[in-house]
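S.K.:
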Amino acid sequence: MLSKRLEELTTEDVEALATDGVAEGAHLEFKQDPVGTSDEAKREFLADVTSFANAGGGDIIFGISEAAGIADQAMGIAVADPDQEQLRLAQLIRTGAEPTLQTTDTKWLGRSDGRGYLVIRMARSWSAPHRVTLRGHDKFYVRDGGGKHPMNVDELRRAFGLAESVVERIRAFRSDRLSEITSNTEVTLADGLVLVIHVVPFSAFIQPPSLTLDQAVQTILPPISHRGGWNGAYTLEGYRTSSSDTAEFGYTLAFREGIVEAVGVISIAQNDTKLVALPDIARDIRKIWDGAKAFHRHYQIEPPFYIMVSLLNAKGFAARVSPVISTMGSRPLRKSAVELPAFEIRTDRLGLDFNTLFKPTLDMLANAFGLPRYQ
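Residue numbers (the working numbering): 572 to 946.
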């Protein structure tokens, strides 16, 4: 993969690859011609793209010929409409592999003679392994220093096993954190119903970054429960925002690995009456999800994300279907801890509106209170 960011790449950078005789490798491949329209050409392209996604990512550069894997000539390619060509390939990537690949970055570098270079940058995928499915092809590919090859049984077993182990580690992380919160190890919370939201990038348990968190986090990630402003402070784990120094009504914690944990006391018993409005919970989840998306964009952390919603100190609380309407059939919770099932958000679902994306979770939350559905 080229060292420059894609938006900074120039024609001179690409042409220097041929001048310097740079070799193809695990993260770089040269193509003399554009992707053809035949099924065979499309499958070959998808094999290249998925092999990068299933390994460490990399760049495919169209317009560079190679000899024995060494960049030879910067000939460029002739494309009638570069924008349409990029759209065509993006659509092919989206529809020709399973699971759906992350958004692929592309850049066209035009020359004065009308030819140019097309650079496709494929990031390592945290949803791997991906298989090529175009016209029933149904094969997995991976890449190493010798180029791409179909994945063998051992490679497939490792790839699928890695994905499964990550899910188990995410679940264990959730359990550990809920135990910490319940025991008031870090923060002594006020006595009331506690909402806990975890947004966990898959990458945090495969190749975790160590983010250098800045004070932009304070603006991006508000605490669940606050009146007016809030403050922020660095912690051993990362950066925490709260409405007070003691954080007795909750906090939002950004971990250096990219995980977001939001904890908030959302209802306090009044005269032995324990009630919470479901729309208020939905509003708080939306606020944290919007903040988490902004946080991950800011630090360039890619999907998939695991979303986990929990209620603590919940026994005896009943639900209002709105802030003003009575419980209307809701029954008090019988457990102190309610852990809703985790769900995964991949790139292709990231743009869905909140109500569509979180409807299954909100419906299950309503079910926990004995209601048939949320609203």
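Ideal placement from N, C-alpha and C gives every residue a C-beta, glycine not left out.
(1) Quick check on this structure: which residue in Leu-911, Arg-905, Gly-634 and Arg-695 has the alpha carbon closest to the alpha carbon of Leu-680?
(2) Does DSSP put Leu-588 in a helix, a strand or coil?
(3) If you draw a straight line from the alpha carbon of Trp-697 to that of Val-713, how long is it in whole angstroms?
(4) Helix, strand or coil: how does DSSP classify Val-606 here?
(5) What does a CB cutoff of less than 6 Å around Leu-577 pick up in its chain, not counting 5 residues either side in sequence?
(6) Could you give the residue range of the beta strand (DSSP E) that holds Phe-914?
(7) In its own chain, which residues sit with a C-beta less than 6 Å from the C-beta of Pro-943, not counting the 5 before and 5 after it?
(8) Is Ile-664 helix, strand or coil by DSSP?
(9) Does DSSP classify Phe-888 as helix, strand or coil?
(10) What are the complete beta strand (DSSP E) segments, minimum 3 residues, inside the region 632-712?
(11) Count the other CB atoms, across all protein chains shown, that sit within 10 Å of the CB of Tyr-877; report buried if there are 16 or more and exposed otherwise.
(12) To the nearest angstrom, how far is the alpha carbon of Leu-658 from that of Glu-579?
(13) Taking the DSSP output, what are the residues bridged to Glu-910?
(14) Helix or strand or just coil, what does DSSP make of Gly-596?
(15) In chain order, which alpha helix (DSSP H) runs of at least 4 residues are fully inside the region 776-816?
(16) Along the alpha helix (DSSP H) that carries Lys-719, what are the first and last residues, could you check?
(17) Suppose the cutoff is 8 Å on Cβ atoms and the five residues either side in sequence are ignored; what does the same chain contact list for Glu-846 look like?
(18) Answer with buried or exposed for Arg-811, where buried requires no fewer than 16 other C-beta atoms within 10 angstroms of its C-beta.
(19) How would you write the range of the beta strand (DSSP E) that Ser-838 sits in, first residue to last?
(20) Look at the alpha carbon of Glu-669 and the alpha carbon of Leu-663, and state the distance between them as a whole number of angstroms.
(21) Nearest to Pro-875 by CA position, among Ala-913, Asp-855 and Lys-886, is which residue?
(22) Could you spell out the range, first to last residue, of the beta strand (DSSP E) harbouring Pro-772?
(23) Taking buried to mean at least 16 other C-beta atoms within 10 Å of its own C-beta, is Ser-796 buried or exposed?
(24) Rounded to whole angstroms, what is the Cα-Cα separation between Tyr-945 and Ile-752?
(25) If you draw a straight line from the alpha carbon of Gly-706 to that of Asp-610, how long is it in whole angstroms?
(26) Where do the ends of the beta strand (DSSP E) carrying Val-847 lie?
(27) Could you give the residue range of the alpha helix (DSSP H) that holds Leu-733?
(28) Less than 8 Å between the beta carbons of Asp-630 and Leu-573, yes or no?
(29) Whole angstroms is fine: what's the gap from Val-650's alpha carbon to Leu-689's?
(30) Can you grab the Cα-Cα spacing for the pair Leu-923 / Ser-901, in whole Å?
(31) Please report how far the alpha carbon of Asp-619 lies from the alpha carbon of Arg-740, in whole angstroms.
(32) If you run the structure through DSSP and keep just helix, strand and coil, what is Asp-919?
M.R.: Reading off the structure:
(1) Gly-634
(2) helix
(3) 14 Å
(4) coil
(5) Asp-676, Lys-678 and Arg-692
(6) 914-916
(7) none
(8) helix
(9) coil
(10) 635-638, 641-645, 676-681 and 687-693
(11) buried
(12) 21 Å
(13) Ser-881
(14) strand
(15) 787-791
(16) Careful: Lys-719 lies outside any alpha helix (DSSP H), inside the beta strand (DSSP E) at 718-721.
(17) The sequence as given places Leu at residue 846; Glu does not occur at that position. Contacts found: Ser-838, Phe-888, Ala-889, Ala-890, Arg-891 and Thr-898.
(18) buried
(19) 831-838
(20) 12 Å
(21) Ala-913
(22) 764-772
(23) buried
(24) 27 Å
(25) Gly is not the amino acid found at residue 706; the sequence shown has Arg there. Distance between the alpha carbons of Arg-706 and Asp-610 is about 8 Å.
(26) 846-848
(27) 724-753
(28) yes
(29) 10 Å
(30) 29 Å
(31) 30 Å
(32) helix
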